[in-house]
Every structure is written in C-alpha cells, then in structure tokens.
Amino acid sequence: MRRSELFLPTLRETPAEAQIVSHRLMLRAGMVRQASAGIYSWLPLGMRVLRRLEQIVREEQDASGAQEILMPTIQPADLWRKSGRYDDYGKEMLRITDRHDRELLYGPTNEELITDILAADVSSYRDLPLNLYHIQWKFRDEVRPRFGVMRGREFLMKDNYSFDLDFAGARHSYNKMFIAYLRTFKRMGLQAIPMRADTGPIGGDLSHEFVVLADTGESAVFCDKALLEMKMPSAELDYDSDLQPVVDQWTSHYAATDELHVPEKCPVDEGRLVQGRGIEVGQIFYFGTKYSEPMGAVVQGPDGNRVALEMGSYGIGVSRLVGTIIEASHDDKGIIWPEAVAPYLIGVVNLKSGDGDCDRACNDLYGFIQRAGLSVLYDDRDERAGAKFADMELIGLPWRITVGPRGLKNGKVELQARAGGEAQEMSLDEIRNWVTAKAGV
RNA sequence: CGGGGCGUAGCUCAGCCUGGUAGAGCACCUGCUUUGGGAGCAGGGGGUCCUCAGUUCGAAUCUGGGCGCCCCGACCA
Numbered sequence: 047m048r049r050s051e052l053f054l055p056t057l058r059e060t061p062a063e064a065q066i067v068s069h070r071l072m073l074r075a076g077m078v079r080q081a082s083a084g085i086y087s088w089l090p091l092g093m094r095v096l097r098r099l100e101q102i103v104r105e106e107q108d109a110s111g112a113q114e115i116l117m118p119t120i121q122p123a124d125l126w127r128k129s130g131r132y133d134d135y136g137k138e139m140l141r142i143t144d145r146h147d148r149e150l151l152y153g154p155t156n157e158e159l160i161t162d163i164l165a166a167d168v169s170s171y172r173d174l175p176l177n178l179y180h181i182q183w184k185f186r187d188e189v190r191p192r193f194g195v196m197r198g199r200e201f202l203m204k205d206n207y208s209f210d211l212d213f214a215g216a217r218h219s220y221n222k223m224f225i226a227y228l229r230t231f232k233r234m235g236l237q238a239i240p241m242r243a244d245t246g247p248i249g250g251d252l253s254h255e256f257v258v259l260a261d262t263g264e265s266a267v268f269c270d271k272a273l274l275e276m277k278m279p280s281a282e283l284d285y286d287s288d289l290q291p292v293v294d295q296w297t298s299h300y301a302a303t304d305e306l307h308v309p310e311k312c313p314v315d316e317g318r319l320v321q322g323r324g325i326e327v328g329q330i331f332y333f334g335t336k337y338s339e340p341m342g343a344v345v346q347g348p349d350g351n352r353v354a355l356e357m358g359s360y361g362i363g364v365s366r367l368v369g370t371i372i373e374a375s376h377d378d379k380g381i382i383w384p385e386a387v388a389p390y391l392i393g394v395v396n397l398k399s400g401d402g403d404c405d406r407a408c409n410d411l412y413g414f415i416q417r418a419g420l421s422v423l424y425d426d427r428d429e430r431a432g433a434k435f436a437d438m439e440l441i442g443l444p445w446r447i448t449v450g451p452r453g454l455k456n457g458k459v460e461l462q463a464r465a466g467g468e469a470q471e472m473s474l475d476e477i478r479n480w481v482t483a484k485a486g487v
C-alpha cells in the first residue's frame, strides 16, 4: 500500500479524551475513532490488526477441532427468558423493541442462542462432542466505559461453546481450549498467564482467566515466577490425546487475581512471587447443564436415556487484545507491533519523493517486497524526513527501510527494526536478500 | 449509580470572571523556496461558540433546563 493512498489520519497531538497509552496511540495512529462512549469505528490500520488477531484466533480454534459459525448480534428476548437471564442480566443488557413491539436485545454473549440451536438439531450422543465458535460483536452497556477499546461497550469477541455427553468429555473440551488459548496468545507475542477464576455457583476448578501482565492492567495479579518460565505445549501435542498432564502442569503453580489472593495464605515465598497488574484477555468456563437443562438441549445416550448436554464456554476479547498488545509493546514514540499482528510488516520511507533515483529505488523495492508476499507500506508522500520518521514510529511497523539520496549515492539503503537496535546499512542486493529470507520464514 | 470536570475551527487550546458580534498554534488549500528527524515565506478556506429557553438594546460570556464527553469510586471480556 502506498501511504499517499492509505486512509491513515495520524494525529500529532493527543485528543483530550484519551488517558491510557493504548487509547492515545490508537487515536494518534489513526486506528480508531470514537463514535460514542465506548463505541468505536475501526479505520484501515486498526482494521488490519483486528483482522490479523481474528485470524490467529480462528486458526487456533480450527486446529483444536472447533467449528466456526456466525450468530446474530440481535437476539430475541424470549430465549433469555427461558434461561432466566433476561431479568438477571440487569442494565448491562441493551434492550431493544422492534416495530411490532417485539422485545429484542443486542447480545452480550450467546449461550442461549447456541443452546437453542443445539436443542433443535442435536438429539443423539453420536453427534457429540461439538465445539462451535464465532467471532462477533457484543454489546454490554457498561456504566462507565473507559480506556478506549480495552473497555468499550461494543467489542469484538470470539466465544465458543462446547457440548459433551458427560463430565469427562466436558473436561477434555475444556483442556483443549486451555491449550488453544496458551498457543493463541503466544502467537500474538503476549505472555498470558492462566489464573484460577471464580466459578460462581457452579463450583469446581474449571474456570480460568488468561491474564496479560501490563502496568496499566485493571486488576492486581500475583503468580509464581515459574509460570513466566513455562514452555509452550509442543506443536506435536495431539488434541485427541490426554491433555490433563499438560493442564495440570500449568495449573500446579500459584496464580491469582487480587479477588482471590490472600497474602497470608499465599503458598509462594516472596522471592518467587511475581506481583503486577494484569489485563484479562480470555476466560474459559465449564458450567455443566446450566443452560442445556432449562432450554431442553438433551440427547439420547447409548443406554437410551435422555441427558442434558454438558457445556462450557470460552471467550477471547479480540478488540481488547489490540489495546492490550499496545499496552505491552510501545515506547514514547509510538506502537511497537510484534510481527505476527503488525498491520504491515515493512515500511519503506522515501526520503526524497520526486527525486528520480529515490523514486526508482523505492518503486523497485516496493514491488519486490510485494512480489515476495510480504505486507509493505510505502511512504511516498512529499513530506519532510522527520515527519515520515515520526509517523512510521508512531504506527509501529516492525521494520523500516529508509531510502535517501545520501545513501543511494553509494548504492545503500538502511534497515531498522522498530523494536530497537542500530540501523543497518545495506546494498540494494543485500536488502533484497533480506526480504527474500524474511518471506521464506 | 454516587462524586468531580469539561463542551469555542479537523486536533490542542485561549477568550467567559468584568456582555459589544470569533482568536492562536498545528492541520488543510494555492504559489515559491526547501528536503536524512514533525521546514520557511506569502496568500487563502474553514466555526449553528453542544442545545433549548430566559435576562438584556446586545449573550461564546450571565441564569435555568436538557444532551454529550472525560476523570475518580463501586461494577465488568
């Protein structure tokens, strides 16, 4: 993409409404614009990041055997009456009336809807297990939205729902998601720590929050240092094998948010206790037959008896992750995108647009990078060098290739990593080799 | 939902106290000069001063209602 053609309205100054760094940078980098309190439009740069995150989530969900569907944002109130949550949910639920005075709501989550689908179309244990997910916008009418997309009212969430015949099956489904989540966040360049979460009235130990450490996190978290040193489950790990040992390994170390943390009872000695702030980016939850029973999602088992489905639900806050990654990865100049989620991998800066040599070298390089299959943003604008550098640093592309008349006289361009380190002078051949190698990875 | 603050150009803000008909910097448009860290000069465009009502000869400015947004707290992916 040529910068001169990209809709990328960057701001030099910080809009007054933004407080935390990710919000400020997302506005300044032209990723989002606020439509209303806690409701945002996503501009091209933000959209690309959102799509990349979605895609990682999707790939890991698919790899675990979950299947993608898409449920609507607007749901009928009657379904929620069946589960009893229409009255329980309170003012956080956005209630709507259509022209026929039918009661609708903008979904804050989808348990009712999915259970209703299963109730209608699954009737035999042979149809199980099932795990269905979708990535859809949700709405929760927070009393006080804040922190930009970190705590909006409208947000993009991946949620899925597992259905099993019995508890052992449900536990296995839960374990699959546990591992899929570890892999998903890892791929995004995040260190997410699974923490035992409150399971409410259901009880049991089958709920975990995945928390990313960041100074601006909304809650205080405590964990054993060992968790930060854990190795990801091997890529060869088969989702159909017994996953319990792996999950046990991760859950054997202490980790708790401040609600569950009691200093006096903490089993980790001071030297090994990591204290920090955390952002919750995902939660997994087993809840048995809470919805399947009232909503009639039952199957006939091998013995002929009808049993309610054992269910679990699993969420990842996709739009929140955009802010989370920025919180975890930025400096005073702007965002520093991990390669896996960057809106473009490489930025090419033409220091002297209009100069024949510079234009030619940039065009060649730009085409070469594209043909190599890498994403590239080419700043071809007639702007000052400083403005281009500042802009490039703000939007945080992992790699910058600088092409200017000075270097070009000696046949050189510069390669610089946004994450730090010295700029490297390279010949045009060398930079093409670098691109080819990068594309080969 | 309690407490506080704010609403003037695309952005950051001044003007309001003490009423007299709209400002700055940045951004934008035109031209010239510039070009390795957010340029210079000249010219130009752009505002229902959140909204409604009231006071007044006259309201961005004073008074009241409403709406919106932000912050702190309680609550949440």
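Heads up, the first sequence is in this note's numbering, so the first residue is 47 and it goes up one at a time. Note that beta-carbon positions come from the ideal geometry of N, C-alpha and C, so glycine has one too. In this text the structure is predicted, and so the values were computed from the model without any measurement.
Beta-carbon separation (whole angstroms), Gly-322 vs Val-267, contact threshold 8 Å
Position 276 of the first sequence holds residue 322. Position 221 of the first sequence holds residue 267. Between Val-267 and Gly-322 the Cβ distance is about 6 Å, and since that is below 8 Å, they are a contact.
In the DSSP output, which residue or residues are listed as bridge partners for Ala-463?
Locating residue 463 in the first sequence gives position 417, where the first residue counts as 1. Answer is Trp-445.
From this set, His-299, Val-394, Met-47, which residue's C-alpha is nearest Asp-315's C-alpha?
Numbered from its first residue, the first sequence carries residue 315 at position 269. When each option's Cα is compared against that of Asp-315, the closest is His-299.
Select from Met-47, Pro-90, Arg-131, Pro-61 the residue whose C-alpha is nearest the C-alpha of Tyr-337.
Mapped onto the first sequence, residue 337 falls at position 291. The residue with the shortest Cα to Cα distance from Tyr-337 is Arg-131.
How many angstroms separate the CA atom of Trp-296 from the CA atom of Ile-239?
On the first sequence, position 250 is the one that residue 296 refers to. On the first sequence, position 193 is the one that residue 239 refers to. Taken atom to atom, the span from the alpha-carbon of Trp-296 to that of Ile-239 is near 9 Å.
Does the beta-carbon distance from Val-449 to Ala-407 come in below 8 Å?
For the purposes of this step, residue 449 is taken as residue 403 along the first sequence, with counting starting at 1. For the purposes of this step, residue 407 is taken as residue 361 along the first sequence, with counting starting at 1. Yes, the pair counts as a contact, with Cβ atoms nearer than the cut-off.
If I follow the unbroken alpha helix (DSSP H) through Leu-96, where does it start and stop?
Here the question's residue 96 lines up with position 50 in the first sequence. Its alpha helix (DSSP H) spans residues 90-109.
Which residues share a DSSP beta bridge with Tyr-360?
Against the first sequence, residue 360 aligns to sequence position 314. Tyr-360 pairs with Asn-206, Ile-330.
Kindly give me the distance between the Cβ atoms of Tyr-526 and Ser-359, rounded to whole angstroms, as I take these residues to be in contact under 8 Å.
Summary: the structure shown does not reach residue 526, with the chain confined to residues 47 through 487, and so no result is reported for it.
Along the alpha helix (DSSP H) that carries Ser-68, what are the first and last residues, could you check?
By one-based count along the first sequence, residue 68 stands at place 22. Looking at the DSSP string, the run of the alpha helix (DSSP H) that includes Ser-68 is 67-74.
Would you tell me roughly how many angstroms separate the C-alpha atoms of Glu-23 and Gln-80, rounded to the nearest one?
Past the boundaries of the shown model lies residue 23; the chain is included only from 47 to 487, so the question cannot be answered.
Could you name the residues that DSSP lists as bridge partners for Met-472?
Numbered from 1 along the first sequence, position 426 holds the residue referred to as residue 472. According to DSSP, Met-472 bridges with Val-459.
Residue from Ser-68, Thr-482, Glu-326 with nearest C-alpha to Ala-243:
Position 197 of the first sequence, counted from the first residue, corresponds to residue 243. When only C-alpha atoms are compared, the closest one is Glu-326.
Paired residues, beta bridge with Ala-354 - DSSP
Here the question's residue 354 lines up with position 308 in the first sequence. In the DSSP output, where bridge partners are listed per residue, Ala-354 has Val-344.
Just to confirm, is the Cβ distance from Val-487 to Gly-92 under 8 Å?
Residue 487 sits at position 441 when you count from the first residue of the first sequence. Residue 92 sits at position 46 when you count from the first residue of the first sequence. Contact flag unset, no.
Give, in chain order, every unbroken run of the beta strand (DSSP E) that is at least 3 residues long and sits entirely within the segment 261-314.
Qualifying beta strand (DSSP E) stretches, in chain order: 265-270, 301-303.
Using a 10 Å radius around the Cβ and a threshold of 16 neighbouring Cβ atoms, would you call Glu-310 buried or exposed?
The residue labelled residue 310 in the question sits at position 264 within the first sequence. It counts as exposed.
Give the range of the beta strand (DSSP E) segment to which Ala-81 is assigned.
Numbered from its first residue, the first sequence carries residue 81 at position 35. Looking at the DSSP string, the run of the beta strand (DSSP E) that includes Ala-81 is 78-82.
Let me check understanding here. Comparing Cα to Cα, which of Val-394, Ile-85, Ile-225, Asp-403 lies closest to Arg-48?
The count along the first sequence starts at 1 and reaches residue 48 at position 2. Nearest of Val-394, Ile-85, Ile-225, Asp-403 to Arg-48, Cα basis: Val-394.
Opposing strand residues paired with Thr-143 [DSSP bridges]
Position 97 of the first sequence, counted from the first residue, corresponds to residue 143. Answer is Glu-149.
Assuming Phe-185 contacts Glu-200 under a Cβ cut-off of 8 Å, what Cβ separation, rounded to an integer in Å, is found between them?
Against the first sequence, residue 185 aligns to sequence position 139. Against the first sequence, residue 200 aligns to sequence position 154. Indeed, because the Cβ distance is near 5 Å, the residues count as touching under 8 Å.
Tell me, please, which residues DSSP counts as bridged to Trp-383.
Residue mapping note: residue 383 aligns to position 337 of the first sequence, counting from 1. Trp-383 has no beta-bridge partner at all, per DSSP.
Residues of its chain near Leu-54, where Cβ-Cβ distance is below 6 Å and the 5 sequence neighbours each way are ignored:
Residue 54 sits at position 8 when you count from the first residue of the first sequence. Answer for Leu-54: Gly-76, Leu-91, listed in chain order.
Those runs of the alpha helix (DSSP H) which lie wholly inside the segment 157-243 and span at least 4 residues:
157-167, 213-233
Between the CA atoms of Gly-111 and His-180 - distance to the nearest angstrom:
As a working note, residue 180 is residue 134 in the first sequence. As a working note, residue 111 is residue 65 in the first sequence. Rounded to the nearest angstrom, the two C-alpha atoms are 13 Å apart.
Inter-residue spacing [alpha-carbon to alpha-carbon] between Pro-348 and Ile-115:
Taking the first residue of the first sequence as 1, we reach residue 348 at position 302. Taking the first residue of the first sequence as 1, we reach residue 115 at position 69. C-alpha separation (whole angstroms): 28 Å.
How close, in whole Å, do the beta carbons of Ile-415 and Leu-71 come, if the pair is a contact with beta carbons under 8 Å?
The residue you call residue 415 lines up with position 369 of the first sequence. The residue you call residue 71 lines up with position 25 of the first sequence. Wrong, their Cβ atoms sit about 25 Å apart, outside the cutoff.
Assuming Asp-133 is part of the beta strand (DSSP E), what are its boundary residues?
Counting from one through the first sequence, the residue named residue 133 turns up at place 87. Premise fails: Asp-133 lies in the alpha helix (DSSP H), 131-134, not in any beta strand (DSSP E).
Nearest to Pro-291 by CA position, among Asn-456, Gln-113, Arg-217, is which residue?
Position 245 of the first sequence, counting from 1, holds the residue named residue 291. Comparing Cα positions, the closest option is Arg-217.
Alpha carbons only, please: which of Tyr-424, Gly-442, Pro-444, Leu-454 is nearest the one belonging to Glu-51?
Within the first sequence, the letter at position 5 stands for residue 51. Out of Tyr-424, Gly-442, Pro-444, Leu-454, Tyr-424 has the C-alpha closest to the C-alpha of Glu-51.
First through last residue of the alpha helix (DSSP H) which encompasses Leu-454
Residue mapping note: residue 454 aligns to position 408 of the first sequence, counting from 1. Counting along the chain, the alpha helix (DSSP H) containing Leu-454 begins and ends at 451-454.
If I follow the unbroken beta strand (DSSP E) through Ile-392, where does it start and stop?
In the first sequence, residue 392 corresponds to position 346, counting from 1. Per DSSP, the unbroken beta strand (DSSP E) holding Ile-392 starts and ends at 392-396.
Per-residue DSSP class, three states only, for Arg-48
As a working mapping, residue 48 is identified with position 2 in the first sequence. Note: Arg-48 maps to strand in three-state DSSP.
Meets three-Cβ-pair contact criterion under 8 Å: the segment 255-273 and the segment 226-237:
A contact exists between the segment 255-273 and the segment 226-237.
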